[in-house]
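Under my numbering, the first residue of the sequence shown is numbered 1, with each subsequent residue one higher. The beta carbon of each residue, even a glycine, is placed where N, CA and C say it ideally should be. Please read all numbers here as calculations on a predicted model, not as lab measurements.
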Amino acid sequence: MEKLVYLDNAATTRVSKAALDAMLPFLGDSYGNPSSIYSVGRDAKAAIENARGIVAAAIGAQAGEIFFTGSGTEANNWALKSAVALRKDKGNHIITSAIEHPAVLKTAEYLQTQGCEVTYLGVDKFGQISLSELENAIREDTVLISIMTANNEIGTILPISEISKIAKARDVLLHTDAVQAAGSIPIDVAEMGVDMLTLSGHKLGAPKGVGVLFKKKNLKLLPPLIHGGGQEHGARSGTENVAGIAGLAAALNYRVSQLPQTKLAAKRDRLVAELLKIPRSALTGDPVNRLPGIASFVFEAIEGESMLLMLDHFGICGSSGSACSSGSLDPSHVLLAIGLPHEVAHGSLRLSLSEDTTDEEIDFVVEKLTGVVAKLRKMSPVWDGE
């Protein structure tokens with residue numbers, strides 16, 4: 001391996017200096033339990049409440065609307081399961097999309113086993129839902145719509161404010177998974193018109209193991225997923241991850257201060273332009289309404305995991321839609337949802353940049369990936385050489 005070129009920031013990010021500086025006191029002398037009444041405990045509690053205010057300000061919310069969780073996955077589970085419980089008198093029908101993160105899709109599948117009915121909206125070739133299809137899918141017993149702010153694989157940004165207008169007109173709660181979007185594009189819960197929104201620390205420069213659920217103040221207190229000591233104002237029990245919470249607030253605040261990420265988008269666009277010079281390659285996702293740091297491709301006659309292993313030899317970190325971690329040979333559900341054939345979807349590659357990505361790294365990736373694709377195609381039994 002020559003050097004490390006990390007282009008998998010959509011999977012996880014390096015802990016930022018802002019986050020690390022905010023965390024360090026609570027990993028050292030300020031180790032008190034926030035539920036304790038002595039001074040070191042009160043200091044920890046004050047740090048949590050300070051972080052709550054910072055997160056709220058970063059997304060246009062109020063401090064009392066912010067609840068800290070152990071992850072974005074937990075926050076998504078909480079939002080969906082609790083919304084169904086909250087609105088059980090109205091019905092048991094929820095609407096989501098075919099390209100949601102598994103944290104939403106698997107929760108929806110679980111809710112189906114508990115008697116809920118779920119409508120999965122399809123998407124077009126860019127990963128956009130049809131607003132008219134959404135409107136037609138709403139029924140008298142629809143209690144929740146859950147649509148992500150931006151897709152984590154192809155980077156497509158969804159029209160949440162337009163979805164909100166439809167939801168409000170029909171008295172349906174709206175949740176959005178903003179895990180991939182937060183810190184990359186402006187997030188304002190009032191402008192978006194959402195009832196619930198979820199974030200995750202490790203996607204934006206904070207450590208793993210901390211997330212956020214925003215709940216609009218006019219909603220009743222959501223039934224908790226985790227019972228115990230009554231932390232988070234009785235909504236989410238368990239001794240708080242003080243260092244992680246402080247780090248999340250600092251990281252989010254820093255990322256918001258750096259918006260808009262025009263330089264990052266320009267680097268992404270240069271990477272896209274160069275890689276599309278490879279024959280029979282294609283960009284996936286919305287070419288315009290996409291996150292600034294994500295570039296997702298498919299290369300015909302290529303197997304994604306082989307491509308990743310060869311790139312790793314050069315120290316290049318990316319990701320593929322092939323579900324290698326699950327032991328499955330099936331390609332990404334997102335790529336299939338946008339209409340790609342299985343054999344093409346298998347040749348996917350997502351490269352996700354950060355503010356630390358340099359022009360030299362982009363040139364290095366273009367050079368090495370071009371060679372990798374050519375080598376794999378020579379070995380491919382289905383490549384026709386054109």
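Buried or exposed (CB count within 10 angstroms, at least 16 for buried), residue i
| i | result |
| --- | --- |
| Y229 | Checking the displayed sequence, the identity of residue 229 turns out to be Gly instead of Tyr. G229 comes out exposed. |
| D390 | The chain is shown from 1 up to 386; residue 390 falls before or after that span and cannot be answered. |
| P279 | exposed |
| K220 | exposed |
| G115 | exposed |
| H202 | buried |
| S326 | In this predicted model, S326 has a pLDDT of only 42, less than 50, meaning its place in the structure is not dependable; the value taken from the coordinates is given anyway. Exposed, because fewer than 16 other Cβ atoms sit within 10 Å of the Cβ of S326. |
| P341 | exposed |
| P381 | exposed |
| Y38 | exposed |
| M379 | exposed |
| E232 | buried |
| A374 | exposed |
| A190 | exposed |
| T113 | exposed |
| K263 | exposed |
| G64 | exposed |
| K267 | buried |
| K288 | Residue identity check: residue 288 is Val in the sequence provided, not Lys. Counting Cβ neighbours within 10 Å, V288 comes out exposed, since fewer than 16 surround it. |
| A169 | exposed |
| T142 | buried |
Distance cut-off 7 Å: residue i Cβ against heavy atoms of the ligand ZN
| i | result |
| --- | --- |
| V123 | Summarising the ligand content, the structure contains no ligands, and the ligand ZN is consequently not present. |
Range covered by the beta strand (DSSP E) that runs through residue i
| i | result |
| --- | --- |
| T198 | 196-200 |
| T370 | Unbroken run through T370 is the alpha helix (DSSP H), 359-379; no beta strand (DSSP E). |
Residue(s) in a DSSP beta bridge with residue i
| i | result |
| --- | --- |
| C317 | Y6 |
| S348 | V298 |
| F126 | F126 pairs with nothing; no bridge assigned. |
| L121 | S97 |
| A150 | I157 |
Close-in-space but distant-in-sequence residues of the same chain around residue i (CB under 7 Å, 5 per side omitted)
| i | result |
| --- | --- |
| S306 | L376 |
| P224 | A235, R236, S237 |
| S184 | Q261, L291, P292, G293 |
| T13 | H202, K203, L204, G205, S354 |
| A58 | L252, N253, V256 |
| V372 | M307, M310, L311 |
| C324 | Residue placement at C324 cannot be trusted, given a pLDDT of 40 that sits under 50; the coordinates are not used to answer. |
| V123 | S97, A98, I99, I129, A337, I338 |
| A273 | none |
| L222 | W78, S82, L86, K215, A235 |
| I245 | I48, A51, F68, V210 |
| A345 | V298, G321, P331, S332, L335, L336 |
| S30 | V40, D43, A44 |
| S200 | S71, G72, V179, G211 |
Segment limits, alpha helix (DSSP H) that includes residue i
| i | result |
| --- | --- |
| I48 | 39-58 |
| I143 | Reading off the sequence shown, one finds Val at residue 143, where the question assumed Ile. Looking at the DSSP string, V143 is not in any alpha helix (DSSP H); the run it does join, the beta strand (DSSP E), is 142-146. |
| T12 | No alpha helix (DSSP H) contains T12, which DSSP labels as neither H nor E. |
| V382 | Taken as a continuous stretch (DSSP letters only), V382 belongs to no alpha helix (DSSP H), as it is neither H nor E. |
| Y110 | 102-113 |
| P331 | Taken as a continuous stretch (DSSP letters only), P331 belongs to no alpha helix (DSSP H), as it is neither H nor E. |
| A137 | 131-137 |
| D21 | 17-27 |
8 Å CB neighbourhood of residue i in its chain, flanking five on each side removed
| i | result |
| --- | --- |
| R139 | G91, H93 |
| D286 | F126, G127, Q128, I154, G155, T156, I157 |
| V391 | Missing from the structure shown is residue 391; the chain here goes from 1 to 386 and no further. |
| A11 | S319, S352 |
| G347 | V298, F299, E300, A301, I302, E303, G304, M307 |
| S18 | The sequence given here places Ala at residue 18; Ser does not occur at that position. Excluding positions up to five away in sequence, the list reads G205, A250, A251, N253, Y254. |
| S35 | G41, K45, G229, Q231, T239 |
| I54 | A249, A250, L252, N253 |
| K165 | G193 |
| V366 | L271, E274, L275 |
| C317 | L4, V5, Y6, L7, D8, L311 |
| N33 | G41, A44, T239 |
Same chain, Cβ closer than 6 Å to residue i, five either side skipped, listed in chain order
| i | result |
| --- | --- |
| I163 | I147 |
| A150 | I157, Q180, A181, L291 |
| L173 | A83, L144, D195 |
| V15 | P207 |
| A108 | T96, V118 |
| T73 | A103 |
CB contact below 8 Å: residue i versus chain D
| i | result |
| --- | --- |
| L222 | As a matter of chain content, chain D is missing from the structure shown, which is built from one protein chain. |
Exercise. Go through the segment 154-224 residue by residue and report every complete run of the beta strand (DSSP E) that reaches 3 residues or more, in order.
Key: DSSP runs (the beta strand (DSSP E)) wholly in the segment 154-224: 173-177, 196-200, 211-215.
Exercise. Report the residue ranges of all beta strand (DSSP E) runs contained in full by the segment 258-296; include only those spanning at least 3 residues, in chain order.
Key: Within the segment 258-296, the runs of beta strand (DSSP E) at least 3 residues long that lie entirely inside it are, in chain order, 281-284.
Quiz item: If you scan the segment 59-93 from start to end, which runs of the alpha helix (DSSP H) of 4 or more residues do you find wholly inside it?
Solution: Along the length of the segment 59-93, whole alpha helix (DSSP H) runs at least 4 residues long occupy 72-86, reported in chain order.
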